[in-house]
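Residues in the sequence shown are numbered consecutively from 85, following the numbering used here.
Glycine residues also receive a C-beta, built at the ideal position from the N, C-alpha and C atoms.
For clarity, every value in this text was computed on a predicted model and none was experimentally measured.
In what follows, a single structure is set out as structure tokens and then discussed.
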Amino acid sequence: MTKRPGLRLGTRAVHAGLDPAGSLGAVSTPIYQSATFLAADTADLMAINSGEKRGYVYSRIRNPTVLAAEQRVAALEEAQSCVLFSSGMAAIAGALAPFLKAGDDLVALPDIYGGTAKYFREVLPAQGINVIWAEGIEAGQVAAAVTPRTKLIFAETPTNPLLRIVDLPALGAIAQGAGCKLIVDGTLGSPMNQLPLQLGADLVVHSASKYLNGHGDLILGAVCGSRDLTRAVRGLQQATGAIVDAHSAWLLMRGMATYALRMRQHNSSGQAVAEFLAAHPKVARVLYPGLPDHPQHALAVRQMSGFGGLLSFEMHSPEAARAVVDATRLFGIGPSVGGVESLISQPGNTSHFSVPADQRRAMGISDMLVRISVGIEDVADLIDDLAQALEAAP
Numbered sequence: 085m086t087k088r089p090g091l092r093l094g095t096r097a098v099h100a101g102l103d104p105a106g107s108l109g110a111v112s113t114p115i116y117q118s119a120t121f122l123a124a125d126t127a128d129l130m131a132i133n134s135g136e137k138r139g140y141v142y143s144r145i146r147n148p149t150v151l152a153a154e155q156r157v158a159a160l161e162e163a164q165s166c167v168l169f170s171s172g173m174a175a176i177a178g179a180l181a182p183f184l185k186a187g188d189d190l191v192a193l194p195d196i197y198g199g200t201a202k203y204f205r206e207v208l209p210a211q212g213i214n215v216i217w218a219e220g221i222e223a224g225q226v227a228a229a230v231t232p233r234t235k236l237i238f239a240e241t242p243t244n245p246l247l248r249i250v251d252l253p254a255l256g257a258i259a260q261g262a263g264c265k266l267i268v269d270g271t272l273g274s275p276m277n278q279l280p281l282q283l284g285a286d287l288v289v290h291s292a293s294k295y296l297n298g299h300g301d302l303i304l305g306a307v308c309g310s311r312d313l314t315r316a317v318r319g320l321q322q323a324t325g326a327i328v329d330a331h332s333a334w335l336l337m338r339g340m341a342t343y344a345l346r347m348r349q350h351n352s353s354g355q356a357v358a359e360f361l362a363a364h365p366k367v368a369r370v371l372y373p374g375l376p377d378h379p380q381h382a383l384a385v386r387q388m389s390g391f392g393g394l395l396s397f398e399m400h401s402p403e404a405a406r407a408v409v410d411a412t413r414l415f416g417i418g419p420s421v422g423g424v425e426s427l428i429s430q431p432g433n434t435s436h437f438s439v440p441a442d443q444r445r446a447m448g449i450s451d452m453l454v455r456i457s458v459g460i461e462d463v464a465d466l467i468d469d470l471a472q473a474l475e476a477a478p
């Protein structure tokens, strides 16, 4: 089922991609756990292969369950099309690959997820692609990094783990003026809170393992955009085989059915926890775009409708940061964000472990920084847990 005009996000999260009439009336999209699909005869197979008839031949090329999940993600992003990948990093690689060749330049904003930074520093240069790091995330700094060879600008907003906000309309204008494309990692904003494609991005990528799925039981990625661009992404994916299996796609659809409910709780609880931490004397500072003292709060209000469940805060010493992490009882110590369960960590041990310490410090990620992903538990219990953990910290 494609997006119907007027349907709100919560309804699209439940109904988009569902075709009961085409699946024997099933209220849940079936898991088509089949590698191969049979044609009625040679003419039927030729019609499917040529695109004259909708159908399925081989699951590396097209699978009904995967297609349904892609339609639902596209509906949430208000995109024409979506391509699912086996992980968020595979989605980033898949989004870049069709538009870069040896000798091209990619402009990257410096405040990005550690896995993405490693890919940009180690993998792309080995392929002959020149990665130019902007001096900062401001539009002028990005524009200064653009060259005549620039084919892509890559940004993440909000950023992980410093929760900075990138001015997407400004970057979209820079990309358009330079004749290149803007690709945005929208994982932490998520479709309920921001729509990068409506703000100037050409493609938006997600680690669908996070807010879209929300249950900590799935590794998946997504690339959304116009059909013209996603057609190129899909063609290369089919050739390389970085595909999604039917069961994973079904898990994603199940997770997205409660997406709107979960996001409302993440937004509400994230704000409450941020306000609690901001008022605590042992906390040096809190990084959360929903707080009025956030440096880009006004920009966040303009281009976001909610601020999510991820926030970071700094203690007054590395020892205090480690102590508060270790003293929590409800917050699990581990990586990832956007799940129903609350998590806590120091980014140097999780999201940016692969980034050398000197580079982490240059990015603004200190050993005093603590990152928490606020889940959907009762927020009063989460605040009580943080209160006792802070009391245990020196």
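Listed as beta-bridge partners of W217 by DSSP are A192. Judged by DSSP secondary structure, I303 falls outside any beta strand (DSSP E); it is assigned neither H nor E.
One thing to note: G94 has its Cβ within 8 Å of the Cβ of A344. Taking a cut-off of 8 Å on C-beta distances, the region 183-196 touches the region 231-251, as three or more cross pairs fall below it. Contact check for V424 and I460: beta-carbon distance about 5 Å, within the 8 Å limit, so the pair qualifies. Between V367 and L361, the alpha-carbon positions lie close to 7 Å from each other. For A123, the three-state secondary structure derived from DSSP is coil. Along the length of the region 344-430, whole beta strand (DSSP E) runs at least 3 residues long occupy 367-371, 394-399 and 427-429, reported in chain order. Between L246 and L371, the C-beta spacing is below 8 Å.
No residue range can be given for E206, since it is assigned to no alpha helix (DSSP H) and is classified by DSSP as neither H nor E. With 16 or more neighbouring CB atoms inside 10 Å of its own CB, R156 falls in the buried class. If you check the CB distance, W217 and P194 come in under 8 Å. Between G393 and S353, the C-beta gap is smaller than 8 Å, which places the two residues in contact. Separation of I221 and D377 (C-alpha to C-alpha, rounded to the nearest whole angstrom) is 18 Å. For P280 and A316, the gap between their C-alpha atoms comes out near 20 Å.
DSSP places E240 within a strand segment (E or B) once states are collapsed to three. Judged by DSSP in its simplified three-state form, R338 adopts helix. DSSP places H99 in the helix class (H, G or I) of the three-state scheme. Secondary structure of H436 (DSSP, three-state): coil. Here the region 195-206 lies against the region 435-452, with 3 or more beta-carbon pairs under 8 Å apart.
When DSSP states are grouped into helix, strand and coil, L266 belongs to the strand group.
The alpha carbon of R386 has as its nearest neighbour, out of P209, A127, L283 and G263, the alpha carbon of L283. For V288, the uninterrupted beta strand (DSSP E) run begins and ends at L287 to S291, by DSSP. Rounded to the nearest whole angstrom, the CA to CA distance from V191 to S293 is 26 Å. The beta-bridge partner set that DSSP reports for T234 consists of D189.
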